[in-house]
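A short worksheet on the structure shown next.
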Amino acid sequence: IHGQAPSTAFKGLGEGVWQARDTSRSQGHVFIITNVRSGDMDNPDVQFGWTMGSHPGVIKAPNDDYSMIGAPAASIAQELTANWHARLRPLFEQMNVSEAAFWKITCSTPTGVPQWTNEPRVTVIGDAAHSMTPAGGIGANTAVRDSALLGRLLGEKGGYESGVTEAYEREMRGYASEAVRASYGFAKRQFGISIDENSKTV
7 IHGQAPSTAF
17 KGLGEGVWQA
27 RDTSRSQGHV
37 FIITNVRSGD
47 MDNPDVQFGW
57 TMGSHPGVIK
67 APNDDYSMIG
77 APAASIAQEL
87 TANWHARLRP
97 LFEQMNVSEA
107 AFWKITCSTP
117 TGVPQWTNEP
127 RVTVIGDAAH
137 SMTPAGGIGA
147 NTAVRDSALL
157 GRLLGEKGGY
167 ESGVTEAYER
177 EMRGYASEAV
187 RASYGFAKRQ
197 FGISIDENSK
207 TV
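So the sequence shown is numbered by our numbering: it starts at 7 and just counts up by one.
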C-alpha cells in the first residue's frame, strides 16, 4: 500500500530512508519504508510518501481487488497499524486518503527465470522476463542490462538474424536468475519477508 502524509506527521521519527516493522503477526511481518528529506521537514505544505508491505497474504484486499485506490486502501493501512506505537500512528491517521493505493507485486519464483520455448523473432526483457521484489532496487538495473545485451547482439549481426533471441535468452537467464535470488535475499534481510517455492500465491 502506498500512502502520503504531511511532514508534520513525521516529526521526531528521523530523516533519510528508514523503516518500521511489525513482527507481532504470526502470518508474517508488516513493514513501512519511507524517505524523509531533511530540507523539507519543516515545510508543512510538503507530504512524504511511505510504502507498506508484508509477507504474501498478510495484507488482503477485499474481493481480491488489488487495484483499489483512495479510501478503501487507506482504511486497510489504518486498520493494520491501529495498534502501532503512538509516535508512528500519525503517518496513517493523517494520511492523504486520496493518494492511497494498493499495489500487488508479482515476482518470479525464487529459483530464477524459467525456461520457455524460444520464438526466433520475439523475446522479452525486464519485468516481463524476471519480475522481482523491490528490495535492493535491482529490477530496473537488470532490465537495463537486458536491453544492452539484446542491443549488442542485434548490432553484431547488423539486425535480426536467426539465433539472436535464443542467445540473448540463454545469457539473460543466467544473470537474471542470480538477480531474482538476490532480490529475495534482500527482502528477507531488509524487511523480514521470507518467500520460497512453497509460499502461497496470492
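The beta-carbon is built from N, C-alpha and C at its ideal position, and this holds for glycine as well. Here the structure is a predicted model, which is why all the values come from computation and not from measurement.
Do the CB positions of L86 and A15 come within less than 9 Å of each other?
Taking the first residue of the sequence shown as 1, we reach residue 86 at position 80. Taking the first residue of the sequence shown as 1, we reach residue 15 at position 9. For L86 and A15, no; Cβs fall outside 9 Å.
What number of angstroms, rounded off, separates the C-alpha of A26 from the C-alpha of A88?
Locating residue 26 in the sequence shown gives position 20, counting from the first residue. Locating residue 88 in the sequence shown gives position 82, counting from the first residue. Between A26 and A88, the C-alpha separation is close to 14 Å.
Starting from the N-terminal side, write out each stretch of the beta strand (DSSP E) that is 3 residues or longer and does not extend beyond the stretch 88-134.
none
Beta-carbon gap between S189 and M138 smaller than 9 Å
As a position in the sequence shown, residue 189 is number 183, starting the count at 1. As a position in the sequence shown, residue 138 is number 132, starting the count at 1. Result yes, Cβ atoms of S189 and M138 sit closer than 9 Å.
Member of L156, T29 and E177 whose CA lies at the smallest distance from the CA of H91:
Locating residue 91 in the sequence shown gives position 85, where the first residue counts as 1. Out of L156, T29 and E177, T29 has the C-alpha closest to the C-alpha of H91.
Going by DSSP, what residue range makes up the alpha helix (DSSP H) through T148?
The count along the sequence shown starts at 1 and reaches residue 148 at position 142. T148 -> alpha helix (DSSP H) spans I144 to K163.
Whole-number beta carbon distance between I7 and A77, since they are thought to touch under 8 Å:
Within the sequence shown, numbered from 1, the residue matching residue 77 stands at position 71. Within the sequence shown, numbered from 1, the residue matching residue 7 stands at position 1. Actually they are not in contact, since the Cβ atoms of A77 and I7 sit about 12 Å apart, beyond 8 Å.
Can you give me the C-alpha to C-alpha distance between G132 and Y166, rounded to a whole angstrom?
Along the sequence shown, one-based indexing puts residue 132 at 126. Along the sequence shown, one-based indexing puts residue 166 at 160. Taking the straight line from one Cα to the other gives about 20 Å.
Here's a check: name, in chain order, each residue in its chain whose Cβ is nearer than 8 Å to the Cβ of A83, leaving out the five neighbours to either side.
Residue mapping note: residue 83 aligns to position 77 of the sequence shown, counting from 1. Excluding residues within five positions, the ones whose Cβ falls inside 8 Å are I7, G9, M58, F98, M101 and A106.
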